[in-house]
Structure formats: structure tokens, C-alpha cells
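S.K.:
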Amino acid sequence: MAVSGGRAARRGGLGAGEVATRAAPDARRMLQLALAGVWLLDGVLQYQSFMFTKAFGQMLAATAPGNPGVIASPINWDARLIEHHAVALNAIFATIQLLLGLGIACRPTVRVALGASIAWALAVWWFGEGLGGVLNGTASPVNGAPGAVIIYALLAVLLWPADRDATPAPFTAARAVGAPAARALWLVLWLSQAYFALLPANRAPQALHGMIAGLASGEPGWLGAIDRSAASLTSHQGLTASVVLALALAAIAVGVYLPAPAARAAVVLAIVVAAVIWVVGQAFGGILAGRATDPGSGPLLLLLALAYWPARTGAVPRSLGQSQGHAADGLPT
Amino acid sequence: MTIPASILDIFAAIMLVVATVSAARLVVARPWLRGRGAVGADIDISHLLMAIAMAGTLAAGLRTLPNDAWDVIFAVLTAWFGYHVARDARRAGVRALSGARCAPHLVHTAAMLYMFVAVTAPAASGGSGMSGMGGSGTQTLSLPILGFLFALILIGYSIWDLDQLSGPGASGHYSLAATRIVPASASGAAIPALAGAESPAAAFSGLTSAANTASPASTASPASTVSAASTVSAASTVATVTPPAEADRVASCDPDPVPGGAGYPLLAPWVATSCRIAMGITMALMLIIMI
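The listed protein sequences derive, respectively, from chains A and B. Taken in order, the first sequence gives residues 0 to 332; the numbers are from numbering that gives the first Met the number 0. Taken in order, the second sequence gives residues 0 to 290; the numbers are from numbering that gives the first Met the number 0.
1. Which of the three DSSP states is assigned to A120/A in this structure?
2. Determine the DSSP secondary structure at T341/A, reduced to helix, strand or coil.
3. Rounded to a whole number of angstroms, what is the C-alpha to C-alpha distance between L57/B and F51/A?
4. Where DSSP assigns a beta bridge to L140/B, which residues make up the other side?
5. By Cβ distance, which residues of its chain are closer than 6 Å to A122/A, with the 5 residues on each side in sequence left out?
6. Please confirm if G134/B has its CB atom under 9 Å from at least one CB of chain A.
7. Residues in its own chain within less than 8 Å of S234/A by CB, not counting five upstream and five downstream?
8. Is D164/A buried or exposed, if buried means 16 or more other CB atoms sit within 10 Å of its CB?
9. Could you check where the alpha helix (DSSP H) with N176/A kicks off and where it finishes?
10. Run down chain E in chain order and give the residues with a C-beta less than 7 Å from the C-beta of G155/B.
11. What residues from chain B crowd round V267/A, counting only those whose CB sits closer than 7 Å?
12. Exposed or buried, which one is W221/A when buried takes at least 16 other CB atoms within 10 Å?
13. CB H338/B to CB V17/B, shorter than 9 Å?
14. Starting from F147/B, find everything on chain A with Cβ-Cβ shorter than 9 Å and list it in chain order.
15. Counting pairs of beta carbons, one from the region 147-165 of chain B and one from the region 98-107 of chain A, are three or more of them closer than 8 Å?
16. Going by C-alpha distance, which of R90/B, M53/B, G60/B is nearest M282/B?
17. Is the region 125-139 of chain A touching the region 66-83 of chain A in the sense that three or more CB pairs, one from each, lie closer than 8 Å?
18. Tell me the rounded alpha-carbon separation between N66/A and L134/A.
19. Taking only three categories from DSSP, how would you classify Q281/A?
20. So L40/A contacts chain B; which residues on that side make the cut at Cβ distance below 9 Å?
21. If we define contact as Cβ-Cβ less than 9 Å, is I158/B a contact residue for chain A?
22. Candidates S165/B, V20/B, R24/B, A59/B: which alpha carbon is nearest D8/B's?
23. For E245/B and chain A, any beta-carbon pair shorter than 9 Å?
24. Helix or strand or just coil, what does DSSP make of P258/A?
25. When the Cα atoms are used, what is the spatial distance from A23/B to A104/A?
26. Which residues of chain A have a Cβ atom closer than 7 Å to the Cβ of S165/B, listed in chain order?
27. Given a cut-off of 9 Å on the beta-carbon distance, is the pair R202/A and G237/A in contact?
28. Cα-Cα, which of W189/A, L302/A, Q281/A is closest to D293/A?
29. Hey, does P324/B have any beta-carbon neighbour from chain A nearer than 9 Å?
30. Secondary structure at C274/B, three-state DSSP: helix, strand or coil?
31. Which whole-angstrom value is the C-beta distance of T77/B and A102/B, which I expect to be below 8 Å?
32. What separation, rounded to the nearest whole angstrom, lies between the Cα atoms of L25/B and I44/B?
33. I need the DSSP call for H84/A, collapsed to helix, strand or coil.
34. Counting Cβ pairs closer than 8 Å, one from the region 22-31 of chain A and one from the region 89-96 of chain A, do we hit at least three?
35. Is the region 141-151 of chain A touching the region 218-232 of chain A in the sense that three or more CB pairs, one from each, lie closer than 8 Å?
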């Protein structure tokens, strides 16, 4: 029996020649795929039974108080609408998020999906998260401020499949917007978190304790135990914890302006902080308790940090696959 | 609190489509006529069984077998793919665990096994078991962290599969030509050698070249001990494959060819991969819902 070309190549053609016809995804594409995975997880979480009840609309409405009227009114209108049409609207929301994930994973539609994800993320940031509590004084880096969903949009911008400069970028996030803009965005994000950590509501003696202790309910035993231990550690230590956290976040913020070794250390610190916040401060976004609308800000901050990892050679290669008419991320050049 | 039945019915319908496609692939490929040479049939069988089981879980009206039967079925399938992964790991190291051969199928069947073993009946439904999630109570899983990890891995594989399927070299290569087989008599003793690829990229690079059938004769580089035994020559639209090692010949986890000269779009690799994507997402959904 003989096999046609494709088959033959598939069977025996596993060597370098065949593999070379298809460049492996580059770092940016891998990060895009990770973002796609988070969107897909987001969509799947949106299909949970809780989201099809009026409680979902009420949860959205709870983000409105304290915001300026021009921000709060649309949130209340949206929440009421969802309460009345919970099944239909939530099914649409979940499907949109599922499609965003699939669209980013599918190479021909990556631009459309990333663009749509920016618009969707901004809408959810307003109507679903009340701008992350930025304007009503409730934002805290521990609970995901300035809003997990805004980081989706930021990642979509930074991972946009285009190269701004002809010269190699010093890190992946700089490819689309350029290094100065990418560093500025990083600075704003992490400095804003440092600022939120020092808000009166967050530096109160029992603020952090209460936030973490409240997560334990409904979580698996081991995760609940972690939360209770962390809550115990931070009991009456709100100010100290906030200052330490703010200093760490500020160090991360300025780290990308430092030479590569220090920048790497800052990125590593960002990864550690993101992981600690995700596990201790967000209990994996509440996924294991069945109450998560998204996986929380931890994984997104982790992705963001990876996008700023300084290139070993000082520059990220731009077009490994351009000889085939495609950029290294597989998109048409 | 339950998910609207109509939502679950949509996913159940998708699973029925997957089951139908997998069954059709088996019928067209007729693996029972080829004995040990019928490599890859286990994929379609596992897809068929998983899709039927998931459809029954999503919609009570589609329930077919009792949970105990599914436990046994998925334990056997998990052991089968686990054996293949272990064998590949011995030969190719950890690449076999991250590659596109048996590892994804192992994860899928293991996730199904976990889902049926770990499910706890909802109190509200009086312990009706896993007879659809749209009942009077929401079923939950013991060891939810395991369910979460399975969901993450399934989503990861689905995203990776979709990326590879839609890659620049892959477009247009999941057509009739990709599955065209000519009788053995045309090339002597050559046989199908579904050794597959050692990595996701390599797996799909083979598909990538499906349309490049005019490439000159080439000899595969021994990228691994698995592929080293296979020498491929391609001429025009037909290539021959010399027999690889016996163990490779019975290697599984790759779409199956069909005897005869005609092309079969249904047997194209992208069809099986698409089924895997649909099942991966649906399975992740079910796991998350039941956490």
C-alpha cells in the first residue's frame, strides 16, 4: 500500500526538512495562545449555573454604588436587563467569550478576535466590573484592581500581531507598540496597583484580613486552610501589609526601565506577586468554589510579565518565518 | 440552580455530531478488515465512546449505559493510551508526553474516567447519578482541583490544536489529497506507517506538506527512534512507505488511512482533530460546571 504525499510526509517525514516547513510558534504567538486559553476558560466559566440566575445581574449591580452617576447608571440599567433576561443574555456573553478564545487561537481570525476582545473587555470593565472599583475607592490589587478584564485588553494591544519598528524589540510586549509605550503601560498598571494598595480602605488594620478570610468559604479544605492561615497572618497588620505590597508593586513598575538583569528580577518578582495574589488573595478566582466569573487577575498578570521578559540577546527576533510570507507568529506579513 | 436544558442540549447535539462523524470514519475505514494494520482506529473508537458518554451526561434523554459501564470503558481506554504514552516515553523521552501522539487522547480518556468516578450525585435528585446535568440538582465532583487541572489541560490542547490546524502551512491541506491511499500492489510491500509526529509542530508539519506532493523524493531524518525506521519517498502525488519497525507499524494515535485508490475527506486528519477540539472544550465545560 502506498500513501499519497501528505500521508507519506506525515509518517516518515518527521525530520528536520518537514518540520522546517512550519516554524514553531514564536514567543508572541505562544502568549496569544495563552490569552486565547484564558478567554476560553472565561467563556466556560460563564456557562456555570450561577450565571443563569438573577444573582448574576445583582452581582453586576453591586459594582455600581460609589461610582459617579454617569458610570453607575448604565451599570444599573445593564444589571436590570440581565436580571430580566438572564438565560438569553448570559448564553450570549458566554458564547462571545468562547468565540474570542477560539478566534485568537485560529490564525486567520486572530486580528479580528483580538480587536473584538479589546472592545468586549472595555465594555465588561465598565458594565461588569464598575471600572474595577477605581473610582469608588474599593480597588485593591489583591482583589484584582484595576480590574482583571482590563488586563485582557492590555494584553490584546501588546500582543497585537504587528511590528512597530524595523529594529528588534527588547521584549515581546514592545513589538506592537514600541518599547517606550510598552514600558509606560507597564509602569501605569503596576504603579496604579501600588497606589490602590495604599488606599484607606485597603490599609485599614483588618482590611486585608477580612478580604482573605472571606475567600475561605466554599473552597476545598486545603485552599481554605491556606486562606485562613494567610488571614491570620495579616490580622491587624493591614497597614504593614499594604506598605510592603505597595513597595513591591512599585519596584516591579520601575523594573522594566532598569538594565536587563534587574529587569528580569523585576519580572520574576511580578510573577511571584501575581502567583501569591492569585492563590492567597483570590483563591484561584473562586473557580474551585464554583463562583468565578473569570480566573482572576493572577494568570493575566503572569502572562503580562512573560511578555516583558527581556530577550536574552537583547532583542526579540521579528520574523523567523517571513521567508514563507508569514511572520513568525504565522500571520500574513 | 441548574443550567438551562437548551444550553446543554446544544452541546449534546455537538457531541452527537462528533459521535456520528467518528462512527462514519470507522465505517469508511473498515479497520476490522485490516487487523493489526488498522492503526488509528482506536482514536475514532475512543471519540465515539466519549461523545456518546458526554451526550448522555449533558442530556438525560441520551443516556445509554450505566455509570459503572462507562467507568470500565474509560478505564480500559485510559490504560490503552497510557500504555502507548509510556511506550513512546521510553523511546522518545518526555517529547512523547508533550507531543501530539497519544498524550492528548490519554488526557481525554483520563478526564472522562475522572468525571464518571468522581461525580457525586446531587442531593436534590436523590442520587440519580450522572444522568444529565439538567436535572433537579447540580452534580459536583470530588477532588475539584483535579477537575480544574483537567479542564486547563483540555483547553490547552484545544487551543494548540486549533492553532496548528489554522497555521499558514496547514490551510487547504485537510482535503481529499491528505487521505488518499493507493493499493499496496502499487508499491510492493509498503504498508501504512502511522508513526505520527513527535511533537505538535511535527505532527502538523506532516499535514502541512500534504499539498506539496510534487516535492522530490526525500528521506526522513531520524528525528527520533520512532520515525527513524521509516523511509519515505515522494513522487508526484504518490509516495511509498517502507515498513517501519513492527512496533511502529502498530503505533496508534494517528488518523487512519483507508485502503483503495479513492480519497476520503472524512478520513482527513483535520476531521479527527476537529472532533478532539469539540470534545476538549465540551469536556472542560462539563468539568467546570461540576466543580
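Every residue gets a Cβ at the ideal spot worked out from N, C-alpha and C, and that includes glycine. Since the model is a prediction, treat every value here as computed from it, not as a measurement.
M.R.: Put simply:
1. helix
2. In the structure as shown, chain A starts at 0 and stops at 332, and residue 341/A therefore has no counterpart that could be examined.
3. 17 Å
4. V118/B
5. none
6. Reliability fails at G134/B, whose pLDDT of 46 lies under 50, so the model's placement of it is uncertain and no value is given.
7. Q205, H208
8. exposed
9. Reading off the sequence, residue 176/A comes out as Val, not Asn. From DSSP, the alpha helix (DSSP H) with V176/A extends over 173-176.
10. No chain E appears in the structure shown, which is made up of the protein chains A and B.
11. Here the premise fails: no neighbours, minimum Cβ distance about 23 Å.
12. exposed
13. The structure shown does not extend to residue 338/B, since chain B is modelled only from 0 through 290, so no value can be given for it.
14. F283, I286, L287
15. yes
16. M53/B
17. yes
18. 6 Å
19. coil
20. A150, L151, I154, A283, I287
21. yes
22. A59/B
23. In this prediction, E245/B has a pLDDT of 40, which is less than 50 and means its spatial position is unreliable; nothing more can be read from the coordinates.
24. coil
25. 28 Å
26. C105, R106, P107
27. yes
28. Q281/A
29. Nothing can be reported for residue 324/B: it is not among the residues displayed for chain B, which extend from 0 to 290.
30. helix
31. T77/B to A102/B, Cβ: 12 Å. No contact.
32. 8 Å
33. coil
34. no
35. no
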